[in-house]
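Below is one structure, written out as structure tokens; the observations come after it.
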Amino acid sequence: MQKLITAIAGRLVIVVPYLWLLLFFLVPFFIVLKISFSEVAMAIPAYQPAFDLSQGLAANFEKLKKLSLDNYQWLLDDALYFKAYVSSLTIAAVSTVLTLLVGYPLAYGMARAPSTLRPTLLMLVILPFWTSFLIRVYAWIGILKPEGLLNQFLMWAHVIDTPLTILNTNTAVFIGIVYSYLPFMVLPIYASLEKMDYSLIEAAQDLGCPSFTAFWKITFPLSIPGVVAGCFLVFIPAVGEFVIPDLLGGSQTLMIGKTLWSEFFSNRDWPVSSAVAVVLLVILIVPIVLFQRAQARAQESGK
Amino acid sequence: MESFGSFRRKFAPWDDPAAKPYIRFENVTKTFGDFTAVNDLSLDVFNREFFALLGASGCGKSTLLRMLAGFEEPTSGRILLDGQDLRGIPPYRRPVNMMFQSYALFPHMTVEGNIAFGLKQDGMAKSEIDARVGEMLKLVKLEQFAKRKPHQLSGGQRQRVALARAVAKRPKVLLLDEPLGALDKKLREETQFELMDLQYKLGLTFMVVTHDQEEAMTMADRIAVMDHGRIMQVATPAEVYEAPASKFVADFIGNVNLLEGAVEKAGSGEVEIAAATQGLTIRADTSKALSSGQNVWFAIRPEKIRIGREKPVDASFNAVEGELWDIAYFGDMTVFHVRLDNGDLIKASSLNAVRKVENPLTYDDRVWVSFDTDAGLVLTA
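Residue numbers (full-length UniProt numbering), protein chains in the order written: chain A, 1 to 303; chain B, 1 to 381.
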């Protein structure tokens with residue numbers, strides 16, 4: 001009896017997350033997928049056909065036949081979408097590299113800090129999450145705008161004479177992404193550096209490595225699982241980022257998140273925007289699968 | 001000249017006043033904040049010596065090793081290696097290599113890669129590196145494991161990779177930090193002899209840090225017993241055991257009975273002590289100059305005490321009666337704890353040289369313990 005209860009409880013523990021995923025991820029995804037095959041309509045909801053179970057199965061089956069790939073064809077025909085995807089991937093890739101360049105030294109410094117100081121440093125990294133993401137991005141507008149804090153400071157310090165135009169450029173988007181996603185880069189790298197045995201570095205020095213060489217031959221290779229995790233955690237959400245390019249980017253900043261938003265809210269073309277979302281998901285499946293593989297491998301070698 | 005124990009080899013440069021020390025610690029002090037890890041310590045170690053630093057944890061032995069490796073700089077004093085002052089020389093340019101307690105094998109490299117690591121740093125030619133790595137793998141009998149990663153090896157194999165990696169560069173001195181600490185008892189005993197063999201074959205100077213006295217006694221030519229950052233005695237294992245310089249050393253190494261007493265009669269070469277224990281009078285050989293009334297300790301090892309039911313012929317000195325309180329049977333020998341009538345305990349041991357004993361000693365027997373005048377040592381500190 002006790003065994004049975006344990007077995008059922010064990011199953012339940014597994015079933016709950018699966019149910020969650022099914023209900024809140026898979027079902028919505030299929031709804032979006034269905035809309036992407038539909039036609040735009042001046043109606044509520046804003047697409048045709050809309051299923052209505054009250055009309056009976058046969059009627060709904062007729063509607064099913066009306067679904068088409070037209071929206072996807074549309075995405076291919078208009079170069080705007082292709083450009084937006086490429087531009088999103090490029091911006092995400094550049095931001096990821098920048099975040100790595102900023103995040104790695106930060107994580108390294110934290111891992112090498114006295115152990116009494118580490119919890120505090122860790123908390124400082126997580127601290128920004130306590131404020132709304134939106135508010136933090138708005139704050140950057142105040143810093144980057146022509147009469148903003150940064151320009152005021154630089155002019156006061158006589159570094160520049162005329163204010164720099166940063167806001168509403170891609171530079172501002174990079175700054176925003178690097179700032180917002182930095183913790184996702186720092187934490188996994190910190191985790192991999194922190195658990196590293198320092199005597200490995202001493203051993204490398206003992207065998208003839210100056211500190212710098214020891215870093216590249218020992219520390220960095222051993223932190224690669226953290227670097228890989230951090231890069232994926234920044235890259236994947238950055239591709240679909242909407243708020244940062246919308247608030248900090250300019251009119252020339254082309255990102256798929258913004259395109260999707262304008263299709264949905266400005267054009268009220270739900271089917272096309274759904275198709276945009278589905279394609280984005282398909283594009284992101286590649287790095288997501290790679291990420292999962294890397295995680296599995298890291299776990300394997302960590303044993 | 002009298003000698004203690006048996007020799008492993010005819011090697012005693014420390015007795016030769018003309019011999020030049022290979023490693024020399026001169027008044028070395030190392031402090032970490034308020035804590036003095038090594039306190040004004042001087043020590044000479046000779047070429048090709050197998051030297052052991054023995055002490056409890058926190059006695060400064062590891063700090064001493066790390067200063068030689070270059071991971072720590074002495075706060076004051078200096079360290080000379082083969083006549084060269086090591087101050088300011090970073091670890092990667094010192095001609096010493098260390099085998100770490102955790103082995104510190106690089107987890108992302110194969111066994112081969114680990115052993116070749118130091119050689120590559122020296123810019124050695126590839127063919128030479130391959131030859132040396134092969135030689136090292138053969139030396140530690142790991143040829144068929146060359147392509148494995150450290151996590152695919154057993155503890156004993158990892159230990160041998162660490163050893164091979166540390167000797168691959170032919171260092172002037174090999175430093176070993178608790179080299180056998182992570183191995184189980186059986187493997188540890190085997191490896192002790194392997195290490196000694198290796199040291200002899202390679203003709204290197206070994207400096208090993210250990211808290212395990214058996215390990216130090218088995219392997220080392222000389223042992224430095226350390227306590228609170230100071231050296232208490234430097235001597236051969238047999239000397240440390242049979243002629244400890246102080247109460248601390250006598251107590252630290254092996255089992256010992258320490259009997260306190262006052263000098264009754266101090267003669268030349270002999271002393272009579274009134275022990276604080278139950279009217280026991282001790283007569284002992286000593287070369288120490290002692291004065292009447294001086295407080296001393298008499299140190300005697302359990303195996304040098306006789307135990308029996310019969311009263312010795314002359315029980316006026318070096319003999320005392322008590323009750324058999326505890327018996328610990330070890331197979332090869334038995335240790336008896338005798339409780340004197342005033343409550344003091346004396347440990348005596350005897351070798352189980354025969355298989356069957358008639359009427360063996362048992363609990364609660366009244367027994368006499370006795371010893372010869374040259375069985376123990378009079379200590380003043």
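Note that the Cβ used here is the ideal one computed from N, Cα and C, for glycine as well.
Q) Roughly how many angstroms lie between the CA atoms of Asp269 of chain A and Lys34 of chain A, to the nearest whole one? A) Start at 1 with the first residue of the first sequence, and residue 269 of chain A comes out as number 269. Start at 1 with the first residue of the first sequence, and residue 34 of chain A comes out as number 34. Going by the C-alpha atoms only, they are around 14 Å apart.
Q: Enumerate, from N- to C-terminal direction, the unbroken alpha helix (DSSP H) stretches of 4 or more residues contained entirely within the region 120-206 of chain B.
A: Counting whole runs of 4 or more residues, the region 120-206 of chain B contains the alpha helix (DSSP H) stretches 126-139, 155-167 and 185-202.
Q | Three-state secondary structure (DSSP) of Leu86 of chain B | A | Position 86 of the second sequence, counted from the first residue, corresponds to residue 86 of chain B. Residue state, collapsed to three classes: coil.
Q.
Buried or exposed for Ser132 of chain A, going by 16 or more other Cβ atoms inside 10 Å?
A. Position 132 of the first sequence holds residue 132 of chain A. When all chains shown are included, Ser132 of chain A counts as exposed.
Q. Could you give the residue range of the alpha helix (DSSP H) that holds Ser95 of chain A?
A. As a position in the first sequence, residue 95 of chain A is number 95, starting the count at 1. Where Ser95 of chain A is concerned, the enclosing alpha helix (DSSP H) starts and stops at Ala79 to Arg112.
Q) In the structure shown, what three-state DSSP assignment does Gly261 of chain B receive? A) If you number the second sequence from 1, residue 261 of chain B lands on position 261. Taken through DSSP and simplified to helix, strand or coil, Gly261 of chain B comes out as strand.
Q) Is there contact here, the region 176-189 of chain B with the region 137-145 of chain B, by at least three beta-carbon pairs under 8 Å? A) Touching, no.
Q. Which residues in the same chain as Ala328 of chain B place their Cβ atom closer than 6 Å to its Cβ, once the five residues preceding and following it in sequence are excluded?
A. Within the second sequence, numbered from 1, the residue matching residue 328 of chain B stands at position 328. Around Ala328 of chain B: Val335.
Q: Indicate whether at least one CB of chain B lies closer than 7 Å to the CB of Pro49 of chain A.
A: As a first step, residue 49 of chain A must be located in the first sequence, where it is residue number 49. So, not an interface residue.
Q. Would you report the Cα separation of Pro17 of chain B and Leu43 of chain B, rounded to the nearest angstrom?
A. Residue 17 of chain B sits at position 17 when you count from the first residue of the second sequence. Residue 43 of chain B sits at position 43 when you count from the first residue of the second sequence. Rounded to the nearest angstrom, the two C-alpha atoms are 15 Å apart.
Q. Can you tell me the Cα-Cα spacing of Gly229 of chain B and Arg87 of chain B, whole angstroms?
A. Residue mapping note: residue 229 of chain B aligns to position 229 of the second sequence, counting from 1. Residue mapping note: residue 87 of chain B aligns to position 87 of the second sequence, counting from 1. The C-alpha of Arg87 of chain B is placed about 20 Å away from the C-alpha of Gly229 of chain B.
Q: Could you spell out where the alpha helix (DSSP H) holding Leu207 of chain A opens and where it closes?
A: Within the first sequence, residue 207 of chain A is the residue found at index 207, counting from 1. Segment: none, Leu207 of chain A is in no alpha helix (DSSP H) and carries neither H nor E.
(Q) Taking 7 Å as the limit between beta carbons, can you name the residues of its chain near Val279 of chain A, skipping five residues before and five after? (A) As a first step, residue 279 of chain A must be located in the first sequence, where it is residue number 279. Here the set comprises Leu75.
Q) Hey, residue 415 of chain B and Ala168 of chain B: beta-carbon distance below 7 Å or not? A) Examination of residue 415 of chain B is not possible in this model, given that chain B is present from 1 through 381 alone.
Q) Listing by chain order, which chain B residues have their CB less than 8 Å from the CB of Glu300 of chain A? A) To locate residue 300 of chain A, count along the first sequence from 1; it is residue 300. Correct list: empty, because the minimum Cβ distance to chain B is about 10 Å.
Q) Do Ala277 of chain A and Ile177 of chain A have their C-beta atoms within less than 7 Å of each other? A) As a first step, residue 277 of chain A must be located in the first sequence, where it is residue number 277. As a first step, residue 177 of chain A must be located in the first sequence, where it is residue number 177. Note that the C-beta distance between Ala277 of chain A and Ile177 of chain A is not below 7 Å.
Q: Identify, in the order they occur along the chain, each residue of the same chain with its Cβ nearer than 7 Å to the Cβ of Met98 of chain B, setting aside the five sequence neighbours on each side.
A: Locating residue 98 of chain B in the second sequence gives position 98, where the first residue counts as 1. Cβ contact annotation for Met98 of chain B (same chain, cutoff 7 Å, sequence separation greater than five): Ala69, Ala166, Leu175 and Asp177, in chain order.
Q | Any C-beta of chain A under 7 Å from that of Asp122 of chain B | A | Taking the first residue of the second sequence as 1, we reach residue 122 of chain B at position 122. Using a CB distance cut-off of 7 Å, Asp122 of chain B counts as an interface residue toward chain A.
Q | Contacts around Pro13 of chain B, its chain only, beta-carbon distance under 6 Å, and the 5 residues preceding and following it disregarded | A | Taking the second sequence and counting its residues from 1, the one referred to as residue 13 of chain B is at position 13. Same-chain partners within the cutoff: Ala19 and Phe46.
**Q.** Residue closest to Pro225 of chain A, alpha-carbon to alpha-carbon, out of A:Pro188, A:Arg136 and A:Ile14
**A.** Within the first sequence, numbered from 1, the residue matching residue 225 of chain A stands at position 225. The closest CA to that of Pro225 of chain A, considering only A:Pro188, A:Arg136 and A:Ile14, is found on A:Pro188.
Q.
Using CA atoms only, rank isn't needed, just tell me which of A:Ile201, A:Ile143 and A:Gln152 is closest to Phe215 of chain A.
A. Working through the first sequence from its first residue, we reach residue 215 of chain A at position 215. For Phe215 of chain A, the nearest C-alpha among the options comes from A:Ile201.
Q: At 7 Å on the CB atoms, spell out the chain B contacts of Leu200 of chain A, in chain order.
A: Taking the first residue of the first sequence as 1, we reach residue 200 of chain A at position 200. By Cβ distance, chain B contributes Ala104 and Phe106.
Q: Would you kindly work out how many angstroms separate the C-alpha atoms of Gly322 of chain B and Phe248 of chain B, rounded to a whole number?
A: Numbered from 1 along the second sequence, position 322 holds the residue referred to as residue 322 of chain B. Numbered from 1 along the second sequence, position 248 holds the residue referred to as residue 248 of chain B. When only Cα atoms are considered, Gly322 of chain B and Phe248 of chain B end up about 27 Å apart.
Q: Give the straight-line distance between the Cα atoms of Met1 of chain B and Lys10 of chain B, rounded to the nearest whole angstrom.
A: Within the second sequence, the letter at position 1 stands for residue 1 of chain B. Within the second sequence, the letter at position 10 stands for residue 10 of chain B. Only weak support exists for where Met1 of chain B lies, its pLDDT of 45 falling under 50; the coordinates are left without a value.
Q | Environment of Asp122 of chain B [buried if 16+ CB atoms lie within 10 Å] | A | Along the second sequence, one-based indexing puts residue 122 of chain B at 122. Looking at its Cβ environment, which holds fewer than 16 other Cβ atoms inside 10 Å, Asp122 of chain B is exposed.
**Q.** Any alpha helix (DSSP H) of 4 or more consecutive residues that is wholly inside the region 220-272 of chain A
**A.** Scanning the region 220-272 of chain A from its first residue to its last, the whole alpha helix (DSSP H) runs of 4-plus residues come out as 220-239, 243-248 and 256-261.
Q) Does Leu193 of chain A have its Cβ less than 7 Å from a Cβ in chain B? A) Locating residue 193 of chain A in the first sequence gives position 193, where the first residue counts as 1. Not flagged as an interface residue toward chain B: Leu193 of chain A, since no C-beta distance is shorter than 7 Å.
Q: Could you please tell me which residues of the region 203-219 of chain A, in chain order, have their CB closer than 9 Å to any CB of chain C?
A: Of the protein chains in the structure, A and B, none is chain C.
Q. Looking at the unbroken beta strand (DSSP E) that takes in Arg24 of chain B, where does it start and where does it end?
A. Locating residue 24 of chain B in the second sequence gives position 24, where the first residue counts as 1. Here the beta strand (DSSP E) through Arg24 of chain B covers Ile23 to Phe32.
Q: May I ask you to list the residues that DSSP assigns as paired with Thr210 of chain B?
A: Residue 210 of chain B sits at position 210 when you count from the first residue of the second sequence. Beta-bridge pairing links Thr210 of chain B to B:Leu54.
Q) Taking only beta-carbon atoms, is Met219 of chain B less than 7 Å away from chain A? A) Sequence index remark: in the second sequence, residue 219 of chain B carries index 219 (1-based). Cβ-Cβ to chain A under 7 Å: no for Met219 of chain B.
Q: Show which residues of chain B have a CB atom less than 9 Å away from the CB atom of Leu222 of chain A.
A: The sequence position of residue 222 of chain A within the first sequence is 222, counting from 1. Contacts between Leu222 of chain A and chain B, judged by CB atoms closer than 9 Å, involve Phe106, Pro107 and His108 in chain order.
Q.
Are the CB atoms of Val96 of chain B and Gly60 of chain B within a distance shorter than 7 Å?
A. If you number the second sequence from 1, residue 60 of chain B lands on position 60. If you number the second sequence from 1, residue 96 of chain B lands on position 96. At a Cβ-Cβ threshold of 7 Å, Gly60 of chain B and Val96 of chain B do not count as neighbours.
Q. Does DSSP put Val225 of chain B in a helix, a strand or coil?
A. Translated into the one-based positions of the second sequence, residue 225 of chain B becomes position 225. It is a strand residue.
Q: Out of A:Thr169, A:Pro114, A:Ala92 and A:Thr213, point me to the one whose CA is closest to Cys231 of chain A's CA.
A: Taking the first sequence and counting its residues from 1, the one referred to as residue 231 of chain A is at position 231. Ranked by Cα distance from Cys231 of chain A, the options A:Thr169, A:Pro114, A:Ala92 and A:Thr213 are led by A:Ala92.
Q: Tell me whether Asp227 of chain B is buried or exposed, calling it buried when 16 or more other Cβ atoms sit within 10 Å of its Cβ.
A: Within the second sequence, residue 227 of chain B is the residue found at index 227, counting from 1. Asp227 of chain B is buried by the Cβ-count criterion.
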